[in-house]
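K.L.:
I'd like to ask you about the structure that follows.
Protein chains in written order, with my numbering: chain A, 1 to 339; chain B, 1 to 362; chain C, 1 to 337; chain D, 1 to 391.
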């Protein structure tokens with residue numbers, strides 16, 4: 001399979017499952033997407049939709065009970081060579097991680113080892129990837145400055161001495177230490193305050209412009225996705241049910257679930273608005289509903305939705321959607337581009 | 001979400017600030033630990049003092065009766081008994097207390113009632129080293145063995161090794177140490193005949209001249225091996241179980257996943273990320289256990305006829321040698337207080353979060 | 001019953017309320033000089049970042065915390081003056097719904113039990129049949145239908161959204177006049193959130209409840225309190241309060257403006273065209289080191305040296321707008337002292 | 001507290017009969033028969049207390065079996081107007097009993113599922129049953145049996161044989177009889193000690209946490225102080241000074257020495273529970289302090305308290321035996337500790353026949369302690385409310 005040159009990561013038919021007491025949980029099901037150089041892909045969905053599992057699968061850090069059942073994660077090195085992360089051996093994987101694909105987790109306090117100073121975190125990372133100490137220190141100082149931290153103070157601090165926003169920025173700087181091509185961000189702004197979130201979003205934007213890395217941004221917050229994503233993928237019950245350019249998904253969403261999510265999200269500056277809730281609750285991933293997994297909660301569901309899983313179709317170039325009733329959904333979308 | 005860590009109403013804890021300097025000093029973690037320990041030691045001292053005085057029957061009277069039973073006249077017995085006691089039981093209690101504290105402050109624990117009035121200090125100096133050696137060695141070895149096994153089975157969770165070691169640890173944890181001691185005697189002493197348990201008394205073979213010779217050291221170890229073995233068998237289980245659960249909870253932390261995602265080498269993750277964090281709670285437990293080393297295990301020392309402080313305490317108790325009893329008891333208590341303080345300081349040193357200055361957000 | 005409860009007297013009024021906590025020997029002024037009144041059947045949203053004191057305000061309103069100084073008037077009378085059965089009645093009029101759906105219900109009891117405790121304790125039902133009918137009604141009221149599916153379940157058998165509804169039903173057992181909803185929907189999924197808010201709205205209309213809605217999510221506050229008021233808090237003080245549409249569309253205080261500008265919106269076009277306000281500092285000061293003068297001055301883009309860092313601005317009406325604002329640059333009346 | 005008597009048998013049969021009758025009345029024959037057996041045994045072994053407790057629990061279980069298909073108006077899917085909510089007191093009581101019985105069944109299921117815990121449970125039950133029913137089968141031999149001396153033997157010791165399964169001691173008495181009778185006072189005293197310590201700990205811990213202020217200060221300081229003094233040496237000193245004669249005094253002493261650990265834990269637990277949202281909601285609903293302690297806080301601490309109760313029982317048993325073995329307290333036969341003490345003083349350790357005199361009590365102590373540990377490990381699951389499902 002050939003991959004067009006600007007694609008850095010191509011996920012093909014990835015399926016991940018967990019072994020639970022009641023049975024096998026199909027947390028990620030047949031997921032495919034491409035990530036281009038410099039692109040920001042936002043994965044949005046509610047809790048339990050599989051977005052965090054997908055994220056852990058991408059860096060092969062699933063817990064013991066989880067496993068990748070099938071699929072490929074094709075990574076294209078800067079030199080053009082393509083490798084499959086799924087079949088990487090231990091040492092190769094260790095080298096791939098952080099140097100090529102780094103990560104910013106949510107809950108920054110728990111992401112930093114409480115007994116080590118920030119400088120030890122930097123040096124550990126450098127040492128694992130054969131970066132010399134002086135260079136690591138120089139880069140760290142430079143990055144701390146870029147993420148608006150006082151390098152001298154932060155470098156020697158313990159994690160608990162930093163505020164939540166500062167820790168999140170330390171992680172961001174640490175992620176860029178080895179100049180990776182891909183940075184996966186898992187809800188990096190969820191636990192922080194509005195103004196801190198603003199400054200982190202701005203910093204991400206600025207760093208992206210400077211270093212040109214690609215971002216996979218995982219969030220349940222549609223607003224943040226709307227702001228920073230180039231491409232948006234909506235996940236439901238372990239599947240990507242719609243993926244496309246941000247304007248396509250927000251203004252011409254063709255999946256009933258994407259539309260329902262948008263209709264449930266309040267916007268600040270639009271004045272009074274009517275919001276619609278989605279009835280029911282997320283499906284059981286051990287025994288998911290037949291047909292389209294969203295049909296029991298869907299306002300557009302027809303008979304075929306209960307029996308047949310919808311195929312993935314591509315109504316526009318770059319916009320793929322798995323829904324039987326795309327046209328009706330499309331007609332109901334009353335969100336217009338405000339220009 | 002407002003994050004005010006465990007707020008306490010101001011009214012509940014009124015505190016006057018006597019001065020900026022004192023306040024600053026009080027803020028210092030080590031200083032507070034030190035003061036608290038001193039207060040506790042004072043309380044223990046007073047407690048032992050009161051305990052001895054509360055004992056039924058006048059100890060001098062009991063002693064006089066004993067001496068008279070040996071055929072002495074009352075006057076002789078009274079004279080002899082009074083010489084043995086450093087305190088006059090008929091003096092006002094406060095006076096006695098001041099006298100007692102004063103002597104203690106000079107490091108004088110008084111003289112033993114029995115055995116010709118040997119100073120309690122020298123009794124303690126004679127018996128303490130053997131307890132420190134045997135229990136300390138046992139504690140050290142069981143801690144090392146237990147934490148090592150704990151980490152290993154936490155990493156191989158659910159495997160055969162995990163099930164096996166966890167089961168064995170639970171069993172060892174459940175059985176009292178004296179039962180283990182008896183079983184040891186029965187198995188290696190009586191059945192296998194590896195040791196002449198019946199003939200092994202004391203800490204070394206009296207036929208060997210004490211000195212820094214191979215023979216002497218071998219004898220010491222030969223005599224200590226069964227008590228030490230008992231300590232190891234009876235305490236390793238709890239270290240294994242504690243380390244396993246501590247490691248498991250550390251392994252579930254986000255920073256371990258992040259460390260793996262950063263591509264760190266396994267050894268670095270194991271040492272600085274898993275190991276250090278998992279050991280933190282155990283190190284405090286270890287420090288506290290060190291305090292109990294001094295008291296040794298009375299019963300194990302008694303069973304193996306090992307000349308430790310615990311066994312000496314038992315002798316003092318059965319002989320009603322009150323001053324020795326009081327002295328040993330005090331030393332034991334002080335060592336526990338000291339160990340508690342040590343554990344607090346150690347934790348402050350190992351865990352940067354404890355060192356936190358006041359008023360910092362968490 | 002409570003005296004003087006006409007529609008003109010506020011249900012509850014905070015006058016110059018201060019509240020401090022002592023943590024490890026350091027006194028933290030969590031709330032300073034809060035003046036706020038809640039009228040019957042009104043919605044007030046308290047918004048602000050973590051540590052701004054909104055939850056503490058909510059707990060003081062609900063009667064779960066006392067004030068360190070200042071006055072809390074309920075029905076026009078200081079709360080401390082209520083005694084005996086009157087006090088109990090008063091207590092029940094003010095209820096709270098918590099944030100965490102997994103911590104707000106006791107795992108040891110069934111939903112039916114949880115609802116029956118207050119009904120039985122305060123003799124709000126005649127007999128057993130009445131009790132059961134009432135529980136059934138309450139569950140229906142919070143849209144947990146059919147009630148028969150819920151009533152004998154334990155909390156762990158329900159979803160997060162269902163538990164929050166049970167929390168609301170529990171608060172309704174004692175027929176409160178005011179409910180403090182402390183981040184009541186921030187831990188449930190987007191899709192469930194709206195329906196819970198709609199239930200709360202309906203309850204407000206049907207039962208004449210007043211709701212104090214505490215949230216950090218401005219868009220949610222706007223949606224929920226469009227016909228009510230929003231109060232913005234910063235480091236223990238109210239910095240601006242006013243009718244929701246004006247607060248959202250025409251914010252006055254520099255902090256409110258910064259917040260409104262900083263919030264991303266679920267609309268790519270709007271959110272990308274928003275003008276952000278650069279603050280002079282990204283760091284929020286600790287509660288133990290609240291800056292002198294206006295607490296916002298180290299970060300405020302409109303900072304005036306010698307004024308903002310000296311004067312603690314009182315909350316005053318601003319000419320020409322409906323809000324009251326605590327900013328010396330907007331309320332000229334304060335200059336001079 | 002433990003031990004068979006003819007009155008106990010009558011009580012047991014009456015309770016069992018009631019359970020059986022209930023089972024037949026509700027057409028639940030199998031749980032009825034189970035109830036009959038359990039109640040009879042409990043009544044026989046532990047007299048009125050055991051019988052009534054067993055009857056109550058088994059009645060609830062039998063009712064819960066009968067109640068499975070009963071349509072409660074609560075679970076109806078009909079409309080409000082169509083539902084008849086009236087319920088007689090009898091019906092309501094039955095429903096509550098059924099709920100309790102259901103909880104018992106779920107807990108029993110959890111206990112059975114946990115292998116190690118169930119083994120521990122069986123072990124504990126075995127020792128309790130041995131103490132209670134052993135006297136039915138084995139006669140206690142208190143005085144020396146010189147007639148049993150084997151020709152040519154130097155002592156009365158004997159290795160196990162068909163007649164004496166655990167051998168004979170230095171006076172030619174059956175070791176088995178001493179093992180069977182020797183645990184009774186030990187077990188009862190340790191349980192009393194555990195109950196005493198737990199009661200004090202729960203009381204002080206809750207008081208300290210709920211009242212705060214100086215009450216908290218004094219109680220916590222006291223607990224910390226007692227913890228500072230090494231327990232076993234203190235026990236030795238106190239026991240030698242006070243010279244106990246009555247087992248209940250020993251129980252109280254152990255209670256006094258063992259409450260601090262649990263008290264601190266209870267205090268911490270109550271403090272954290274007090275911060276829980278549902279407790280705060282109960283305050284807002286003005287449900288009263290007693291309701292909050294008994295219905296909101298306590299149910300969530302049961303497993304915790306039970307585990308600690310067992311822990312204290314173990315500590316007390318350890319100390320009781322150790323004191324006897326060291327000869328600190330007066331010896332009173334029959335007692336496992338006395339057997340070990342006599343074994344040591346009679347030199348039983350060093351001869352093949354004599355070892356059996358010690359092996360019996362050693363294994364009894366070890367196995368009983370081990371059973372307690374294993375059993376306590378599973379208690380958390382047994383009391384976990386999350387396993388419950390409403391009726």
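By construction, the Cβ of each residue, glycine as well, lies at the ideal position given by its N, Cα and C atoms.
Can you say whether residue 233/C is buried or exposed, counting buried as having 16 or more other CB atoms within 10 angstroms of its CB?
P.N.:
Answer is buried; the Cβ neighbour count reaches 16.
K.L.:
Using 8 Å as the threshold, is the C-beta distance between residue 60/C and residue 67/C below it?
P.N.:
For residue 60/C and residue 67/C, yes; Cβs fall inside 8 Å.
K.L.:
Leaving aside the five residues before and after residue 335/D along the sequence, list all residues of the same chain whose C-beta is less than 7 Å from its C-beta, in chain order.
P.N.:
So the list reads 182, 185, 186 and 324, once near-sequence residues are dropped.
K.L.:
Roughly how many whole angstroms lie between the Cα atoms of residue 57/C and residue 71/C?
P.N.:
Using only the alpha carbons, I get a separation of about 13 Å.
K.L.:
Contact criterion: CB-CB distance below 8 Å. Does residue 385/D meet it with respect to chain C?
P.N.:
Yes, contact with chain C.
K.L.:
Taking buried to mean at least 16 other C-beta atoms within 10 Å of its own C-beta, is residue 35/B buried or exposed?
P.N.:
Residue 35/B is exposed by the Cβ-count criterion.
K.L.:
For a test of the three-state rule: what should DSSP assign to residue 239/D, helix, strand or coil?
P.N.:
Residue 239/D falls in the helix class under three-state DSSP.
K.L.:
What residues in the segment 252 to 267 of chain B bring their beta carbon closer than 8 Å to a beta carbon of chain A?
P.N.:
Result list: 253, 254, 255, 257, 258, 259, 260, 261, 262, 263, 264 and 265.
K.L.:
Three-state secondary structure (DSSP) at residue 119/B?
P.N.:
Three-state DSSP puts residue 119/B in a strand.
K.L.:
The alpha helix (DSSP H) with residue 250/B in it runs from where to where?
P.N.:
Residue 250/B -> alpha helix (DSSP H) spans 214 to 251.
K.L.:
Expressed to the nearest angstrom, what Euclidean distance is found between the alpha-carbon atoms of residue 108/C and residue 297/D?
P.N.:
Looking at the two C-alpha atoms, the distance is approximately 10 Å.
K.L.:
Which residues does DSSP pair with residue 182/C in a beta bridge?
P.N.:
Answer by DSSP bridge pairing, in chain order: 214/C.
K.L.:
Any idea if residue 12/C is buried or exposed, counting beta-carbon neighbours within 10 angstroms, 16 or more meaning buried?
P.N.:
By the neighbour-count rule (16 or more Cβ atoms within 10 Å), residue 12/C is buried.
K.L.:
Please tell me whether residue 358/D has its Cβ less than 8 Å away from any Cβ of chain B.
P.N.:
Closer than 8 Å: yes.
K.L.:
Measure from the C-beta of residue 216/D to each C-beta in chain C and report whether the shortest distance is under 8 Å.
P.N.:
Residue 216/D does not count as touching chain C.
K.L.:
So residue 244/C and residue 228/C are in contact, right, with Cβ under 8 Å, and what is the actual spacing, rounded?
P.N.:
Rounded, the Cβ-Cβ distance is 6 Å, consistent with contact.
K.L.:
Should residue 98/A go down as buried or exposed, given a rule of 16 or more other Cβ atoms within 10 Å for buried?
P.N.:
By the 10 Å Cβ count, residue 98/A comes out buried.
K.L.:
Short of 7 Å Cβ to Cβ, which residues in the segment 244 to 258 of chain A face chain C?
P.N.:
So the close ones are 246, 247 and 250.
K.L.:
Could you name the residues of chain A that residue 163/B contacts, counting a contact when the two beta carbons are closer than 9 Å?
P.N.:
Simply none; closest approach about 16 Å.
K.L.:
Can you name the residues of chain D whose CB is closer than 7 Å to the CB of residue 293/B?
P.N.:
In chain order: nothing, as chain D lies at least about 10 Å away.
K.L.:
Quick check on residue 34/A: does DSSP put it in helix, strand or coil?
P.N.:
Residue state, collapsed to three classes: strand.
K.L.:
Answer yes or no: does any C-beta atom of chain A fall closer than 8 Å to that of residue 321/C?
P.N.:
So, not an interface residue.
K.L.:
Between which two residues does the alpha helix (DSSP H) containing residue 220/A stretch?
P.N.:
Where residue 220/A is concerned, there is no enclosing alpha helix (DSSP H), given that its DSSP letter is neither H nor E.
K.L.:
Our contact map puts residue 310/B next to residue 45/B with C-beta atoms below 8 Å; I'd like the distance itself, whole angstroms only.
P.N.:
Rounded, the Cβ-Cβ distance is 21 Å, inconsistent with contact.
K.L.:
What's the C-alpha gap between residue 110/B and residue 96/B?
P.N.:
Straight-line Cα distance between these residues: approximately 13 Å.
K.L.:
Between the alpha carbons of residue 72/A and residue 263/B, how many angstroms are there, rounded?
P.N.:
Taking the straight line from one Cα to the other gives about 21 Å.
K.L.:
Would you say residue 97/D lies against chain C (beta-carbon separation less than 8 Å)?
P.N.:
Residue 97/D does not count as touching chain C.
K.L.:
Can you grab the Cα-Cα spacing for the pair residue 194/C / residue 212/D, in whole Å?
P.N.:
C-alpha separation (whole angstroms): 41 Å.
K.L.:
To which residues of the same chain is residue 50/A closer than 7 Å at the C-beta, ignoring the five residues directly before and after it?
P.N.:
Excluding sequence neighbours, residue 50/A sits near 27, 28, 235 and 238.
K.L.:
Consult DSSP for residue 150/D and reduce its assignment to one of helix, strand or coil.
P.N.:
Coil, per DSSP.
K.L.:
Please list, in chain order, the chain C residues whose beta carbon lies closer than 9 Å to that of residue 43/A.
P.N.:
Residues of chain C passing the Cβ test: none, with the nearest at roughly 15 Å.
K.L.:
If we count the other Cβ atoms within 10 Å of its Cβ and call it buried at 16 or more, is residue 255/C buried or exposed?
P.N.:
That one is buried.
K.L.:
According to DSSP, is residue 211/B part of a helix, a strand, or is it coil?
P.N.:
Of the three classes helix, strand and coil, the one that applies to residue 211/B here is coil, per DSSP.
K.L.:
Considering only their Cβ atoms, is the gap separating residue 168/A from residue 214/A smaller than 8 Å?
P.N.:
No, these two residues do not count as a Cβ contact at 8 Å.
K.L.:
In whole angstroms, what is the alpha-carbon distance linking residue 302/C and residue 300/D?
P.N.:
Approximately 53 Å between the Cα atoms of the pair.
K.L.:
Leaving out the 5 sequence neighbours to the left and right, which residues in its chain are closer than 7 Å to residue 227/A when beta-carbon positions are compared?
P.N.:
The answer, listed in chain order, is 201.
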